[in-house]
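Protein chains in written order, with this note's numbering: chain G, 1 to 92; chain U, 93 to 572.
No residue lacks a Cβ here, since even glycine has one placed at the ideal position from N, Cα and C.
Predicted, not measured: the structure shown is a model, and the values here were computed from it.
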Amino acid sequence: MKIDVEAVAKLARLGLSPEEKKLFGEQLSRILDHADTLKKLNTDKVEPTSHAIPMKNVLREDKVIPCANVDDILLNAPQAEEHMFKVPRIVE
Amino acid sequence: MLNNLTAHEAHSLLASKKISSVELTEAVFAQIEKTENKLKAYVTLTKDEALKRAKAADNNGNFTGLAGIPIAIKDNMCTKGILTTCSSKILANYLPPYDATIVEKLAAAGAAPIGKTNLDEFAMGSSTENSGFHTTHNPWDLNTVPGGSSGGSAAAVASGECILALGSDTGGSIRQPASFCGVVGLKPTYGRVSRYGLVAFASSLDQIGPLAKDVTDSAWLMNVLAGYDPKDSTSVDIPVPDYRMALVNDVKKFRIGLISDLMGKGTDEAVKAAIKDAARKLESLGAIVEEVSLPTFEYAVPTYYLIAPAEASSNLARFDGVKFGHRSSDAPDLLTMYYNTRREGFGAEVKRRIMLGTYALSAGYYDAYYLKALKVRTLIKQDFEKAFKHFDVLISPTAPSPAFKIGEKAADPLSMYLSDIATIPVNLAGLPAISLPCGFSGGLPIGLQIIGEAFAEEKLLQVAYTYEQNTEWHKRRPTL
């Protein structure tokens with residue numbers, strides 16, 4: 001299986017060096033070839049399992065509870081201004 | 093040496109005022125001072141905080157449970173105002189604004205948190221070699237890996253650099269390092285322990301659990317960890333038993349299935365011999381041991397390495413340089429900022445898995461890979477269900493070999509992935525399992541894995557406790 005490394009990296013918003021592109025291309029092909037062993041199993045009538053334990057939606061009353069301090073949260077921001085996260089200009 | 097005590101031994105001495113929590117905590121830090129430069133088990137040490145809690149426990153004087161016990165926390169669990177890095181450069185400066193639920197529970201129990209332990213970056217790996225900072229060394233042989241991803245926690249417990257530790261297990265990350273370091277590691281049933289504040293890797297598989305010097309300590313720590321948490325919608329709201337009541341030295345009439353699929357050509361001879369000895373030991377204690385085959389196990393590794401990276405690729409999308417963590421200084425526009433931030437911040441294995449997961453979820457490949465894996469996951473779960481109609485617990489090696497050499501598998505991701513063959517099926521099915529020492533080969537520990545039905549941790553603990561009480565393996569400690 002050959003994969004289009006550049007297209008996948010773009011979907012993942014992941015910058016890769018030329019060496020990484022080559023290496024990952026080879027390694028991911030090998031891993032996916034191994035994954036192809038799953039094709040040996042007939043799963044036509046099998047339901048998928050996304051959670052091993054039965055899950056249901058959990059609802060709670062819509063009431064206000066304290067959350068982490070805004071200043072503590074913004075302490076981690078690479079750039080912040082007036083209680084907002086600052087990012088490069090998006091709209092010209 | 094106080095730092096080599098188990099938590100329950102230390103508790104007896106604390107409760108009878110023969111030692112203080114400050115003395116115990118200082119003994120742990122004295123060991124860290126002595127051996128940490130060789131082991132590199134920790135990312136961050138919190139000595140001031142630990143001594144503050146120890147003093148508070150001494151002043152309180154009411155030593156119940158884990159009060160006054162020094163404990164290490166894997167560095168993918170949020171600790172308010174204390175660095176939480178996931179051993180990743182992208183989170184090297186991250187100071188969580190809140191505590192994980194299990195960190196709150198430890199504080200409420202009066203335990204003394206001594207530091208944050210090293211892991212494979214974002215818990216992706218089986219050796220700690222994928223840490224963005226340093227590789228942890230196995231205290232039994234410094235040239236070998238401690239296992240992973242909770243390798244720092246396992247090495248710290250084995251070497252007496254803590255009394256107890258927390259790990260997280262997505263595909264074996266508690267049990268495999270426990271096996272490699274000769275300690276006890278328990279992965280609880282999915283939903284038994286809150287994941288709130290555990291930095292998510294693969295949300296349908298991740299679970300927090302104890303790494304300890306013996307089975308008794310594991311039960312004690314489970315008493316603190318287990319329980320429903322409104323902040324984690326996947327935690328399960330059912331009563332929590334007193335796990336200490338399961339510490340009964342008796343396996344008479346227990347039906348135990350030895351998983352034959354994990355005793356074949358992929359497993360070292362010495363490991364097979366140790367597991368067969370353990371099976372005979374359990375038989376001699378009154379259990380009924382028979383072989384059982386779970387034929388879908390051979391598909392578990394490829395299934396896991398599609399599902400876990402798919403979930404990871406989604407979970408790790410949040411590391412984009414906007415709200416926390418590293419941001420590239422080369423960020424002329426938003427898109428370039430994402431690309432460069434993630435290129436600079438993530439290590440090779442994390443990038444590999446994000447790529448693999450993104451691919452498996454992408455249009456045109458979703459059905460062939462991701463959906464196919466979810467269906468095989470159903471078959472693996474059904475294989476377990478069939479086996480548990482006949483058996484109380486299942487046993488197997490925890491890993492196909494003892495600890496491997498540092499560097500041995502680092503260049504070949506697939507061979508590293510295949511070493512998770514015995515632990516991965518358990519996460520896919522959401523079941524509880526424990527690893528405990530059952531022998532040695534070439535001076536390195538071997539682990540016995542015991543698997544139970546969902547929420548049957550007590551059965552695991554009883555079988556593990558009985559085995560431990562009738563063997564001496566857990567008493568061996570590495571000399572450093």
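Asked, Found
"Quick check on this structure: which residue in U:Y462, U:D353 and U:D512 has the alpha carbon closest to the alpha carbon of L38 of chain G?", "U:Y462"
"Determine the DSSP secondary structure at S488 of chain U, reduced to helix, strand or coil.", "strand"
"Give a yes or no on whether the C-beta atoms belonging to V343 of chain U and A379 of chain U are separated by under 8 Å.", "yes"
"Are the Cβ atoms of L317 of chain U and I513 of chain U separated by less than 8 Å?", "no"
"Could you pull out every unbroken alpha helix (DSSP H) segment of at least 4 residues lying fully inside the segment 446–481 of chain U, listed in chain order?", "none"
"Distance, Cα to Cα, A7 of chain G vs A257 of chain U?", "42 Å"
"Quick one: what's P302 of chain U bridged to in DSSP?", "U:L258"
"Rank U:G157, U:A525 and U:L106 by C-alpha distance to the C-alpha of G202 of chain U and give the top, closest one.", "U:G157"
"For G531 of chain U, which residues does DSSP report across the bridge?", "U:I538"
"What residue does the beta strand (DSSP E) around I194 of chain U start on, and which one ends it?", "No beta strand (DSSP E) holds I194 of chain U; the alpha helix (DSSP H) holding it covers T193 to A201."
"Is the separation between the beta-carbon of V276 of chain U and that of I300 of chain U shorter than 8 Å?", "no"
"Which of helix, strand or coil does DSSP assign to R13 of chain G?", "coil"
"Using DSSP with H/G/I as helix, E/B as strand and the rest coil, what is P401 of chain U?", "helix"
"Would you call the segment 229–242 of chain U and the segment 449–468 of chain U in contact, with 3 or more CB pairs under 8 Å?", "no"
"Please report the straight-line C-alpha distance between S29 of chain G and K2 of chain G, rounded to a whole angstrom.", "6 Å"
"At a Cβ cut of 9 Å, what residues of the segment 413–428 of chain U count as close to chain G, listed as they run along the chain?", "G413, V414, K415, F416, G417, H418, R419, S420, A423, P424, D425, L426, L427 and T428"
"Could you spell out where the beta strand (DSSP E) holding E382 of chain U opens and where it closes?", "I380 to V384"
"Are A68 of chain G and P189 of chain U closer than 8 Å when you measure CB to CB?", "yes"
"Residues of chain U with CB closer than 7 Å to the CB of M55 of chain G, please, in chain order.", "T326"
"Indicate the three-state DSSP secondary structure (helix, strand or coil) for I65 of chain G in the structure shown.", "coil"
"Within 8 Å of any Cβ in chain U, is that where the Cβ of E20 of chain G sits?", "yes"
"If the cut-off is 7 Å on Cβ atoms, which residues from the segment 428–456 of chain U count as contacting chain G, listed in chain order?", "M429, Y430, Y431, N432, R434, R435, K443, R444, I446, M447, L448, T450, Y451 and S454"
"Among G:E92, G:I90 and G:N76, which one has its Cα closest to the Cα of K415 of chain U?", "G:N76"
"Under the rule that 16 or more other beta-carbon atoms within 10 Å means buried, what is I542 of chain U, buried or exposed?", "buried"
"So, with DSSP's three-state summary, where would you put G252 of chain U?", "coil"
"So H51 of chain G contacts chain U; which residues on that side make the cut at Cβ distance below 8 Å?", "Y282, S296, T326 and G522"
"Can you grab the Cα-Cα spacing for the pair D324 of chain U / S376 of chain U, in whole Å?", "43 Å"
"Looking at the secondary structure, which residues open and close the alpha helix (DSSP H) in which T433 of chain U lies?", "L426 to G437"
"With DSSP collapsed to three states, give me the class of Y288 of chain U.", "coil"
"Would you kindly work out how many angstroms separate the C-alpha atoms of K172 of chain U and D191 of chain U, rounded to a whole number?", "5 Å"
"Under a three-way DSSP split, which group does A318 of chain U fall into?", "strand"
"Which residues, taken in chain order from the segment 465–476 of chain U, show a beta carbon closer than 8 Å to some beta carbon of chain G?", "A465, L466, K467, V468, R469, T470, L471 and K473"
"Between P322 of chain U and chain G, is there a C-beta pair that is closer than 8 Å?", "yes"
"If we call anything under 8 Å between Cβ atoms a contact, is R287 of chain U one with F24 of chain G?", "no"
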